[in-house]
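Participant: Protein chains in written order, with this note's numbering: chain A, 1 to 73; chain B, 1 to 517. Cβ atoms here follow ideal geometry from the backbone N, Cα and C, with glycine treated the same way.
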């Protein structure tokens, strides 16, 4: 029966083997990805907070819009 | 009647542990969400393996398991054909970067946002509407089917069937909604990762148990006796045929290019190369996604005696036997301990799909449908609040739609038709947007209208007219193919009819290849 439907038998076996392997592999590598993603987001937030804190400490850095060149009629 | 092997202490503890872990992880990452971009595309920080886990978990829900098993029960091994076609489509698109390269490089959060650059704001809005319409109708049946699966496998009292299904639906929805509302795509990704592991272990364990206990010999003999050569070859199966294969090939390619949950992983990837790797490396998963639950369905056919359905409520008998055979089989076949793992796996499958679908359709509502109403730029805080409200409203819609929509025929065929509402038009538009210089807003409007009208009419006619089971399958295949064809023709004719000079915004965006990147 296996030889008669070799395609489906082989596909089933490959599926089981591939799935077992990929589950372990993705579980390990994916956990590193999560750590990297969260630390990346944390770093970005820390940088943004540091910039905001610095901007509030130095009054020279306050945003002043350029004088308007538009003349009212 | 309840013959389930579910043990409240052993299996219940396994399920409880899984739930606590998932909810904790989902809510924990909330603190990293400070901007709308974090909520919708996880700050575009997703790497390959997290992307693979998330895409695989999202694309495997309980509903997937149910329709793939139903396909196995009805059509034998040939029922896994859509999975093979999907895997091919994902692999080809991932390898070539067809459409997904320019899409990712455009730096957009949704596909309609890309369309605005080429076809204008009205097309962006229209595309957003059909995407949400098709997507929500599609996922509208997820909750109910999951509820039914859990009630059957968990051995709940079938005398109060509707009450128990409602209870289960509400429970699932509340769990998924809590962490999705809290952390958006970031929570979805982290929980998807856990859910991928749990569902994979459960899926593999049950499949191995079936292969060793029922055996390959018995599985293939059962298919031979039931369907003959058609059980192994879709072209020879009277319920499938070339129409079914062609329509599924169209859906597979269109899905790989535009299915919002798949695309959201591409758009959340840190660059186009990572996005393509997620596609190619996940492609074979789509074969497993159909074949392994398909084997569960075949095993149900081989294992269950005809009397197994006696004593069940009418909703689970007659034509519905093919859909419910697999959970009925598993409830008595899977031993204590493994039953807990199976239920945790199925809860994981459902929660990852529901949460991911809610966030992706929600992103289109916020980003594209509500875009004209944001005259001034909203603050991040206001944007986040609106996104959370949208996810909540989608959850409420799912509950009510799942309760009241009477599903007819195959679940998978229903999902194909509802998905086609937008797959036909959006895939046509995306290809034209990326690679055809003459494509313009007239063509896009035609593609949206013709791509959506045919499947919607198909759904309405199905509710009015009584079809024989084999007829409905053919009817859906023909109308599905007609949608793709009509959408393509409308895009070409509409674009050629519009005078080129009358479309300055389009011309200015055309690169040397006619693309947008």
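#1: Which two residues bound the contiguous alpha helix (DSSP H) that contains residue 44 of chain A?
#2: Against chain A, with Cβ distances strictly below 7 angstroms, would residue 220 of chain B count as a contact?
#3: Count the other CB atoms within 10 Å of the CB of residue 3 of chain A; is the residue buried (16 or more) or exposed (fewer)?
#4: Just tell me which of B:359, B:426, B:81, B:286 has its CA closest to the CA of residue 232 of chain B.
#5: By how many angstroms is the C-alpha of residue 356 of chain B removed from the C-alpha of residue 177 of chain B?
#6: Using alpha carbons as the reference points, say which of B:347, B:345, B:260 lies closest to residue 427 of chain B.
#7: Tell me where the alpha helix (DSSP H) around residue 138 of chain B begins and ends.
#8: Within its chain, find whatever has a CB closer than 8 angstroms to the CB of residue 351 of chain B; leave out the 5 residues flanking it on each side and keep chain order.
#9: Is it buried or exposed for residue 10 of chain B, if we count other Cβ within 10 angstroms and need 16 for buried?
#10: Using the Cβ count rule (16 or more neighbours within 10 Å means buried), how would you classify residue 358 of chain B?
#11: In the DSSP assignment, what residue or residues form a beta bridge with residue 46 of chain B?
#12: Hey, residue 419 of chain B and residue 134 of chain B are a contact pair by Cβ (cut 8 angstroms); roughly how many whole angstroms apart?
#13: Are any of the Cβ atoms in chain A nearer than 7 angstroms to that of residue 26 of chain B?
#14: Would residue 73 of chain B pass as an interface residue toward chain A - the criterion being a Cβ-Cβ separation below 7 angstroms?
#15: Could you confirm whether any beta carbon from chain A is found closer than 7 angstroms to the beta carbon of residue 17 of chain B?
#16: Please list, in chain order, all residues of the same chain as residue 73 of chain A whose beta carbon is under 6 angstroms from its beta carbon, the five residues on each side excluded.
#17: Quick one: give me the first and last residue of the alpha helix (DSSP H) that residue 72 of chain B is part of.
#18: Any idea if residue 257 of chain B is buried or exposed, counting beta-carbon neighbours within 10 angstroms, 16 or more meaning buried?
#19: Looking at residue 202 of chain B: is its Cβ nearer than 7 angstroms to the Cβ of residue 4 of chain B?
#20: Report back the beta-carbon spacing between residue 452 of chain B and residue 425 of chain B to the nearest angstrom; my notes put them in contact at under 8 angstroms.
#21: Contact check, residue 15 of chain A vs residue 292 of chain B under 8 angstroms by CB: the rounded distance?
#22: Compare the C-beta of residue 50 of chain B against all C-beta atoms of chain A and say whether one is closer than 7 angstroms.
#23: Can you list, in chain order, the residues of its chain with a C-beta nearer than 7 angstroms to that of residue 477 of chain B? Leave out the 5 residues immediately preceding and following it.
#24: Please say whether residue 30 of chain A and residue 490 of chain B have beta carbons closer to each other than 7 angstroms?
#25: With C-beta atoms as the reference, is residue 329 of chain B less than 7 angstroms away from residue 303 of chain B?
#26: Does the distance from the C-beta atom of residue 46 of chain B to that of residue 268 of chain B stay below 7 angstroms?
#27: Among B:443, B:397, B:498, whose alpha-carbon lies nearest the alpha-carbon of residue 115 of chain B?
#28: Would you please verify whether the beta carbon of residue 27 of chain A is less than 7 angstroms from any beta carbon of chain B?
#29: Please decide whether residue 18 of chain A counts as near chain B, where near means a Cβ-Cβ distance under 7 angstroms.
#30: Please give the ranges of any beta strand (DSSP E) in the segment 201-228 of chain B, keeping only runs that are unbroken, at least 3 residues long and fully inside the region.
#31: Please identify the residue among B:471, B:348, B:288 whose C-alpha is closest to the C-alpha of residue 20 of chain A.
Facilitator: The answer reads as follows:
#1: Per DSSP, the continuous alpha helix (DSSP H) segment holding residue 44 of chain A begins and ends at 6-57.
#2: With 7 angstroms as the cut-off, residue 220 of chain B counts as an interface residue toward chain A.
#3: In the assembly as shown, residue 3 of chain A is an exposed residue. Its beta-carbon has fewer than 16 other beta-carbons within 10 Å.
#4: Ranking the options by Cα distance to residue 232 of chain B, first place goes to B:81.
#5: The straight-line gap separating the alpha-carbon atoms of residue 177 of chain B and residue 356 of chain B is approximately 10 angstroms.
#6: Checking every option, the nearest Cα to that of residue 427 of chain B belongs to B:260.
#7: Following the DSSP letters along the chain, one finds residue 138 of chain B inside the alpha helix (DSSP H) bounded by residues 121-139.
#8: The answer, listed in chain order, is 22, 172, 175, 176, 191, 195.
#9: Counting other Cβ atoms within 10 Å of its Cβ, residue 10 of chain B stays below 16 and is therefore classed as exposed.
#10: Per the 10 Å Cβ criterion, buried.
#11: Per DSSP, B:269.
#12: Yes, residue 419 of chain B and residue 134 of chain B are in contact; Cβ-Cβ is about 6 angstroms, under 8 angstroms.
#13: No, its Cβ sits nowhere closer than 7 angstroms to a Cβ of chain A.
#14: The beta-carbon of residue 73 of chain B is placed no less than 7 angstroms from the nearest beta-carbon of chain A.
#15: Contact with chain A is absent for residue 17 of chain B, since none of that chain's Cβ atoms lies less than 7 angstroms from the residue's Cβ.
#16: Note that residue 73 of chain A has pLDDT 38, beneath the 50 cutoff, so the model's placement of it is unreliable and the number below is only indicative. Sequence-distant Cβ neighbours of residue 73 of chain A in its own chain, meaning closer than 6 angstroms and more than five residues away, do not exist here.
#17: 62-75 is the extent of the alpha helix (DSSP H) around residue 72 of chain B.
#18: When all chains shown are included, residue 257 of chain B counts as buried.
#19: No, they are not a contact pair.
#20: Right, the Cβ-Cβ distance comes to about 6 angstroms (below 8 angstroms), so this counts as a contact.
#21: Confirmed, about 6 angstroms.
#22: Yes, contact with chain A.
#23: The beta carbon of residue 477 of chain B sits closer than 7 angstroms to those of 243, 244, 247, all from its chain and outside the five residues before and after it, given in chain order.
#24: No, the Cβ-Cβ distance between residue 490 of chain B and residue 30 of chain A is not below 7 angstroms.
#25: Using a Cβ distance threshold of 7 angstroms, residue 329 of chain B and residue 303 of chain B count as a contacting pair.
#26: For the 7 angstroms CB-CB criterion, residue 46 of chain B and residue 268 of chain B form a contact.
#27: Answer by Cα proximity: B:443.
#28: Taking Cβ atoms only, chain B reaches closer than 7 angstroms to residue 27 of chain A, which makes this a yes.
#29: Yes, contact with chain B.
#30: The qualifying runs do not exist here; there are none.
#31: Residue nearest to residue 20 of chain A within the set B:471, B:348, B:288 is B:288 (criterion: CA-CA distance).
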